[in-house]
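Visitor:
Numbering (my numbering), first residue to last: -17 to 385.
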């Protein structure tokens, strides 16, 4: 699988290379001529839409890898905001509860096709759990590197799949790069946040959204009137490392080059205000993202102070006429409550997408009548408030509750 630098165009067939000599991340080469000339008849898993990316495609192993993706796109009128019609791509129904399963499924399939038997990742959240689970299902060895101060409950969620778990004391930001070097020497394939295989798998989120819109004859706008909409006007994702944002951009580029999109969606990304290096760079008008000293936030899973694909995410927003915004914890929590009111339990990182609608309306990126797709990247059961109490009545008095 040839890899290409998004920035300078350099190419390599070294499938262990993750970054270009210019310092920017690589992604898999796409061939517009290899893209089918029509949308798939079904979207039951990520593998149904992956051909639309035009990359060399591995065969998934039976079992868990075949189950990634195929998540629902829900029309949610109760979440409409300021005349904007909202759809939610519900990634929480993936096998381990987040979009990370898409990149992991691709990576595990590609590694298995090469006869590799050991994979790993650097993560303390969804990606760690995903890699550990898929490795277990594939019978592969797995190493997960986590920060020394990881919370016990997060460690327990990863440990149940029995990977080799290693706490690492020191600069967690450097661990991304160190793991790639150590993994190359030790023969461990690290499927980190923006590895080309992971980005290709995660591109299927956007591919599915666009395929689902394209196969729907009428999409209603916020007024309830029907109008033809072959793609959402805007696709909104949380952004941390920039890997998922990169995948969305790669998907849009591939479909545009293949002539499958009448009009490409605008890509918008959102960060938590306490740790928002990409949003700050966008606001300044910079072309490069500068690392920040991140603060605490309820959306800890997207609090990446030095995102390895930050520049690429920044370029994706600009190239599509989008924006990168930051929202504070109060707005995130209110958005989470609105999601719950629509029957959706999402993690705080996912709630940022709904919270982003107001600032995107204010800066003119969104307009009344637009149709948006929010990518709810993961389910929210793990962050539920355990202090909540409920009334208790004797069984004999149950009828009095409804009197």
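Virtual Cβ for every residue (Gly too), placed ideally from N, Cα, C.
(1) So the alpha helix (DSSP H) residue 221 belongs to, where does it begin and stop?
(2) Suppose you measure from the CA of residue 189 to the CA of residue 233; what does that come to, to the nearest Å?
(3) Could you please give the first and the last residue of the uninterrupted alpha helix (DSSP H) stretch that includes residue 189?
(4) Mapping the DSSP letters down to three states, classify residue 210 as helix, strand or coil.
(5) Suppose contacts are defined by Cβ-Cβ distances below 8 angstroms. Is residue 182 in contact with residue 88 by that definition?
(6) Quick test of your reading: residue 10 and residue 259, contact by CB under 8 angstroms. State the CB separation rounded to the nearest angstrom.
(7) Please say whether residue 380 and residue 356 have beta carbons closer to each other than 8 angstroms?
(8) Under the three-state reduction of DSSP, which class applies to residue 103: helix, strand or coil?
(9) What residue does the alpha helix (DSSP H) around residue 32 start on, and which one ends it?
(10) So is residue 309 buried or exposed if we call it buried at 16+ other beta carbons inside 10 Å?
(11) I'd like to confirm the pairing. Which residues does DSSP put opposite residue 123 in its beta bridges?
(12) Which one or two residues does DSSP pair with residue -6 in a beta bridge?
(13) In terms of alpha-carbon separation, which member of 52, 19, 216 and -3 lies closest to residue 389?
(14) How long is the line joining the alpha carbons of residue 154 and residue 147, rounded to whole angstroms?
(15) Please classify residue 120 as buried or exposed, where buried requires at least 16 other C-beta atoms within 10 Å of its C-beta.
(16) Beta-carbon separation of residue 176 and residue 228 under 8 angstroms?
(17) Taking DSSP as the reference, what is the three-state secondary structure of residue 232?
(18) Classify residue 383 as buried or exposed, calling it buried when 16 or more other Cβ atoms lie within 10 Å of its own Cβ.
(19) Measure the Cβ-Cβ separation of residue -1 and residue 7 and say whether it is below 8 angstroms.
(20) From residue 264 to residue 294, what distance separates their C-alpha atoms?
(21) Assign residue 148 to one of three DSSP states: helix, strand, or coil.
(22) Specify the secondary structure class of residue 248 as computed by DSSP and reduced to three states.
(23) Examine chain D for any beta-carbon lying closer than 8 angstroms to the beta-carbon of residue -3, and answer yes or no.
(24) Taking only runs of the beta strand (DSSP E) that begin and end inside the segment 37 to 95, which ones reach a length of at least 3 residues, in chain order?
(25) Is the segment 218 to 226 close to the segment 274 to 292, with three or more CB pairs under 8 angstroms?
(26) Hey, which unbroken runs of the alpha helix (DSSP H) at 4 residues or more fall wholly within the segment 333 to 381?
(27) Extract the residue ranges of the beta strand (DSSP E) inside the segment 253 to 277, only unbroken runs of 3 or more that lie entirely within it.
(28) At the level of alpha carbons, what is the spacing between residue 136 and residue 280?
(29) Of all the options 302, 77, 351 and 144, which has the alpha carbon lying nearest to the alpha carbon of residue 246?
(30) DSSP has residue 308 in a bridge; who is on the other side?
(31) Helix, strand or coil for residue 164? Go by DSSP, reduced to three states.
(32) Measure the CB-CB distance between residue 73 and residue 358 and report whether it falls below 8 angstroms.
(33) Using a 10 Å radius around the Cβ and a threshold of 16 neighbouring Cβ atoms, would you call residue 345 buried or exposed?
(34) From what residue to what residue does the alpha helix (DSSP H) around residue 137 run?
(35) Just to confirm my understanding: we take residue 274, look at its own chain, exclude 5 residues before and 5 after, and list those with CB closer than 6 angstroms. What are they?
(36) Candidates 31, 323 and 3: which alpha carbon is nearest residue 237's?
Guide: The structure says:
(1) It is not in any alpha helix (DSSP H) - residue 221 carries neither H nor E in the DSSP assignment.
(2) Roughly 6 angstroms separates the two Cα atoms.
(3) Boundaries of the alpha helix (DSSP H) around residue 189: 178 to 196.
(4) Because the pLDDT of residue 210 is 47, which lies under 50, any placement of that residue in the model is unreliable, and the number read from its coordinates should be weighed accordingly. Three-state DSSP puts residue 210 in coil, outside helix and strand.
(5) A distance below 8 angstroms separates the beta carbons of residue 182 and residue 88.
(6) About 26 angstroms separates the two Cβ atoms, so there is no contact after all.
(7) In this structure, residue 380 does not lie closer than 8 angstroms to residue 356 by Cβ.
(8) DSSP places residue 103 in strand when its eight states are reduced to three.
(9) No residue range can be given for residue 32, since it is assigned to no alpha helix (DSSP H) and is classified by DSSP as neither H nor E.
(10) The residue in question, residue 309, is buried, as its Cβ has 16 or more Cβ neighbours within 10 Å.
(11) Assignment of beta-bridge partners to residue 123 by DSSP yields 100.
(12) Residue -6 is bridged to -15.
(13) Since the first residue of the chain shown is -17 and the last is 385, residue 389 is not available in this structure.
(14) Residue 154 and residue 147 have their C-alpha atoms roughly 15 angstroms apart.
(15) Residue 120 comes out buried.
(16) Yes.
(17) If DSSP states are grouped into helix, strand and coil, residue 232 belongs with the helices.
(18) Residue 383 is classed as exposed because its beta carbon has fewer than 16 other beta carbons within 10 Å across all chains shown.
(19) Going by C-beta atoms, residue -1 is not nearer than 8 angstroms to residue 7.
(20) For residue 264 and residue 294, the distance between alpha carbons rounds to 12 angstroms.
(21) The three-state reading of DSSP puts residue 148 in strand, counting E and B together.
(22) Here residue 248 carries a strand assignment [DSSP, helix/strand/coil].
(23) The chain labelled as chain D is not found in the depicted structure, where only one protein chain is given.
(24) Counting only runs of 3 or more, we get 55 to 57 and 67 to 72.
(25) When Cβ pairs closer than 8 angstroms are counted between the two stretches, the segment 218 to 226 is seen to touch the segment 274 to 292, the count reaching three or more.
(26) Inside the segment 333 to 381, DSSP marks whole alpha helix (DSSP H) runs of 4 or more residues at positions 339 to 344, from first to last along the chain.
(27) Listed in chain order, nothing qualifies, since the segment 253 to 277 has no complete beta strand (DSSP E) run of 3 or more residues.
(28) Cα to Cα, the separation comes out at about 14 angstroms.
(29) Nearest neighbour of residue 246 by Cα position, chosen from 302, 77, 351 and 144, turns out to be 302.
(30) Residue 308 pairs with 253.
(31) Annotated three-state conformation of residue 164 is helix, per DSSP.
(32) Pairing residue 73 with residue 358 gives a Cβ-Cβ distance under 8 angstroms.
(33) Counting every other CB atom within 10 Å of its CB across the protein chains shown gives residue 345 a total below 16, marking it as exposed.
(34) Where residue 137 is concerned, the enclosing alpha helix (DSSP H) stretches over 134 to 141.
(35) These residues qualify, in order along the chain: 259 and 287.
(36) Residue 31 is the option with its Cα nearest to residue 237.
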